[in-house]
Every structure is written in structure tokens, then in C-alpha cells.
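Chemist: If you count the sequence shown from 1, you need to add 13 to reach our numbering.
Beta carbons: idealized from backbone N, C-alpha and C, even for Gly.
The structure presented is a predicted model; accordingly, all values stated were derived computationally and were not measured.
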Amino acid sequence: MKRMILVTGATGHLGGSIVKHLLTKISADQIVVLVRDENKAADLKAAGVHIRIGDYHDSASLTDAFVNIEKTVLVSSNDFNDRLGQHKNVINAAKLAGVRHFVYTGVSIKDIHTSVLRDFMIDHFQTEEYVKDSGMKYTFMRHNLYAEMIPFYIGHQVLEKGVVFPAGEGRIPFALRDEMGEANANVLTTEGHEDRIYSIASEVDYSFQDIADILSELSGKRITYTNPDNTRFTESLKAAGLPNHIVQIAIGFSTAMRNGDFDVPGTDLKNLLGRKPAGLKEYLQQTYLGV
């Protein structure tokens, strides 16, 4: 019987991108997706992808999900309720079923132990250690920040209001989430990636002043960058009606950016894609000018 590749979180943005790119490389009947709601995967089922139902929180539901799977990619859970425990359930089920190669999508950061995001992100690195201890071959795809998150940080009205975000002069090698998905698909369908750690990021890092400058060039208008203090920024987010946990996440990430925690550019993404990744200018042009 044919051994297959399983993708978790396939109805989400990153997981969906991985499956999309896998479909350009291997036949649909070689791809399995693990989802909680089969209805959300109707398009994948129609394309011939195998659907298996499971919940990270429910280890029993995962028992059969990994049968006849050779390789899997665990897209990290976006449910922060015992995320490490969820990941362990997936890893245990994969090991029990005889999965040969386990890929995990984690995070790229300079030093998790000194970062203000330590408590929020340490479980990524604990997951990696648990995978290592399992004895399965592994590849750790440590993703830097998605370019697609920039509107979350600075909003959609920057051409009118300017760029306002308390990241100081911190620099980030933003990369496109879809290209990260493609890199994951390449790892799953080619050899030579066992027991490797990749830092998935652009070669070029950018400050939020750079973002304002690029938008100024593209729009023909002067787009300013304002670096408010955390108190002022927190007040503005609360005034906009954002819930407290979202405000705290935004402040945590902005502080980490200001401290240079994500300033880890590199060539792994370019090498895995086999080409130069898209630049931030292209993303900003499409997102803010629609061209």
C-alpha cells in the first residue's frame, strides 16, 4: 500500500498553502489532511485528497489518523489551551503509527529565553525537543513573521494616517506565508532534510520606517512612521474596541520587534524555494494599492 503525506491544520492559512503546493508536486491520492470539521475540507475532498478527522486535544481521535503515513507536517496549534499537550498527542500518535519523518512549523527568534514572548512561545521549542526524543526523523521549520501580519500591526488606513506602531528601529525579515507553505511542501517531497533545522525568513530585514518609506515611494505620498510608547499605543487599541488579550499580544510582539528578537534573516527560504523570495515591496503594493 502506498505510503502518504499527512498535513495537519489543512483548513487554515499555512496548512492550506502547504496542501496547495503539494498538489502541484504529487497526486492528490498521496495526500492526507487531518481536520476537526470535514465540512471545512469539502474542496480538498473534491480534489481527491484523503480526509481524516481528529482533534489535537483528543489523543484517541488521532490513533487512526496516521495509519500508512510516511511523512507528516504538524502546523502548530493556534489554540493556546495546553498547546504543548496538544502537540504531544499528535507526536505520540505519529510515532505509534510508524511515521518516518516528522516536520514541525515553529518560530524563528534570536533567544527565546530572553524574549518578552518567552511564555507565549516557549512551547514551540519544547515541542521540538519532544519530537527529537521520539526518535523520528525530524525537520524543524522555524518561521519568522509573516508579511501578511503587517496589516494586523498597522491597520489598513496607513495611506491616510501613516504607520503607527511601537517597534522602534527593530528590523524583521518578513516573508510571505504562501512561500513558507511552498517551502514546507518542498521539504515533504524531496530528500535530504532529515534532522535539519531551517530558519524560514527573507534575506532582507525591514524596519517599520522602511515600510513607511516603501509605501511613500509606491503611493507618491509622504507616509510617516510614528513610534508611540506602549502606554499610548495600548490606550489607542482599547479605544478601538480591541479585546484585552489581543492588545497584550500586539504589545508583546511590538516589544519583541523593538528588541530585535525577530531580526534573524537568512537564506534557507531561498534555498528551499530554489529562487529569490518575493520582496516586501511587492506585498505592500498589492495589499495597500491593490496592484
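1. Consult DSSP for methionine 14 and reduce its assignment to one of helix, strand or coil.
2. Roughly how many angstroms separate the alpha carbons of alanine 180 and glycine 194, rounded to a whole number?
3. Mind checking arginine 271: buried by the 16 CB within 10 Å criterion, or exposed?
4. In chain order, what are the residue ranges of uninterrupted beta strand (DSSP E) at least 3 long that sit wholly in the region 159-183?
5. Count the other C-beta atoms from every protein chain shown that fall within 10 angstroms of the C-beta of methionine 162, then say buried if there are 16 or more, exposed otherwise.
6. Going by the CB atoms, is the gap between glutamine 43 and histidine 70 shorter than 8 Å?
7. So who's on the other strand from lysine 251, going by DSSP bridges?
8. With DSSP as the reference, label aspartate 146 as helix, strand or coil.
9. Name, in chain order, the residues that DSSP records as bridge partners for arginine 155.
10. Would you decide whether glutamate 192 is buried or exposed? Buried here means 16 or more other CB atoms lie within 10 Å of its CB.
11. Report all residues from its chain with a CB closer than 6 Å to the CB of threonine 268; omit the five preceding and five following residues, and keep chain order.
12. On a CA-only basis, which of Leu19, Phe275, Ala196 and Pro186 is nearest glycine 111? Give me that one, please.
13. With DSSP as the reference, identify every bridge partner of leucine 47, one or two as the case may be.
14. Since isoleucine 39 contacts threonine 202 with CB under 8 Å, what's their CB separation in whole angstroms?
15. Identify, in the order they occur along the chain, each residue of the same chain with its Cβ nearer than 6 Å to the Cβ of lysine 84, setting aside the five sequence neighbours on each side.
16. If you count every other CB in all the chains shown that lies within 10 Å of the CB of alanine 188, and 16 or more means buried, which is it?
17. Quick one, which of Tyr238, Leu228, Ile264 and Ile236 has its alpha-carbon nearest arginine 245's?
18. Compare the beta carbon distance of phenylalanine 178 and phenylalanine 221 with 8 Å and say whether it is the shorter of the two.
19. Enumerate in chain order the residues of its own chain whose CB-to-CB distance from histidine 26 is below 7 Å, with the five nearest sequence positions on each side excluded.
20. Within the same chain, show all residues whose beta-carbon is closer than 6 Å to that of serine 74, passing over the 5 residues directly before and after it, in chain order.
21. Please classify phenylalanine 93: is it buried, with 16 or more other beta-carbons within 10 angstroms of its beta-carbon, or exposed?
22. For methionine 14, which residues in the same chain have their Cβ closer than 8 Å to its Cβ, ignoring the five residues on either side in sequence?
23. Spatial neighbours of isoleucine 210 within its chain, please: C-beta separation below 6 Å, excluding the five flanking residues on both sides.
Modeler: With the given structure in hand:
1. Locating residue 14 in the sequence shown gives position 1, counting from the first residue. The predicted position of methionine 14 is uncertain, since its pLDDT is 47 and thus under 50; a value taken from the coordinates is nonetheless stated next. In this structure, methionine 14 counts as coil in the three-state DSSP scheme.
2. Here residue 180 corresponds to residue number 167 of the sequence shown, with the count starting at 1. Here residue 194 corresponds to residue number 181 of the sequence shown, with the count starting at 1. Taking the straight line joining both Cα atoms gives about 27 Å.
3. Counting from 1 along the sequence shown, the entry for residue 271 is found at position 258. With 16 or more Cβ atoms within 10 Å of its Cβ, arginine 271 is classed as buried.
4. As far as the region 159-183 is concerned, it has no whole beta strand (DSSP E) run of at least 3 residues.
5. For the purposes of this step, residue 162 is taken as the residue at position 149 of the sequence shown. Counting Cβ neighbours within 10 Å, methionine 162 comes out exposed, since fewer than 16 surround it.
6. By 1-based counting over the sequence shown, the position of residue 70 is 57. By 1-based counting over the sequence shown, the position of residue 43 is 30. Cβ distance not < 8 Å, so histidine 70 and glutamine 43 don't count as in contact.
7. Taking the first residue of the sequence shown as position 1, residue 251 is located at position 238. None; lysine 251 has no bridge partner.
8. Residue mapping note: residue 146 aligns to position 133 of the sequence shown, counting from 1. If DSSP states are grouped into helix, strand and coil, aspartate 146 belongs with the helices.
9. Here residue 155 refers to the residue found at position 142 when the sequence shown is read from its first residue. Answer is Gly119 and Ser212, bridged to arginine 155.
10. Along the sequence shown, one-based indexing puts residue 192 at 179. So glutamate 192 counts as buried.
11. Counting from 1 along the sequence shown, the entry for residue 268 is found at position 255. So the list reads Val129, once near-sequence residues are dropped.
12. Position 98 of the sequence shown, counted from the first residue, corresponds to residue 111. Per the Cα distances, Leu19.
13. Numbered from 1 along the sequence shown, position 34 holds the residue referred to as residue 47. Thr21 and Arg65, per the DSSP bridge assignment.
14. Position 26 of the sequence shown holds residue 39. Position 189 of the sequence shown holds residue 202. Going by Cβ atoms, the distance from isoleucine 39 to threonine 202 rounds to 6 Å, so yes, they are a contact pair.
15. Locating residue 84 in the sequence shown gives position 71, where the first residue counts as 1. So the qualifying residues of the chain are Ile18, His114 and Leu201.
16. Taking the first residue of the sequence shown as position 1, residue 188 is located at position 175. The residue in question, alanine 188, is buried, as its Cβ has 16 or more Cβ neighbours within 10 Å.
17. Residue 245 sits at position 232 when you count from the first residue of the sequence shown. Looking at the Cα atoms, Ile264 is the closest of the given residues.
18. Taking the first residue of the sequence shown as 1, we reach residue 178 at position 165. Taking the first residue of the sequence shown as 1, we reach residue 221 at position 208. For phenylalanine 178 and phenylalanine 221, yes; Cβs fall inside 8 Å.
19. As a first step, residue 26 must be located in the sequence shown, where it is residue number 13. Correct list, in chain order: Arg190.
20. As a first step, residue 74 is located in the sequence shown; it is residue number 61 there, counting from the start. Apart from sequence neighbours up to five positions away, the residues of its chain that approach serine 74 with a beta-carbon distance below 6 Å are Gly67 and Asp68, ordered along the chain.
21. As a position in the sequence shown, residue 93 is number 80, starting the count at 1. By the 10 Å Cβ count, phenylalanine 93 comes out exposed.
22. What you label residue 14 is simply residue 1 of the sequence shown in a count that begins at 1. Reliability of the predicted coordinates at methionine 14 is poor, the pLDDT of 47 falling under 50, and the value obtained from them is presented with this limitation in mind. Excluding sequence neighbours, methionine 14 sits near Asn81.
23. Counting from one through the sequence shown, the residue named residue 210 turns up at place 197. Here the set comprises Phe153.
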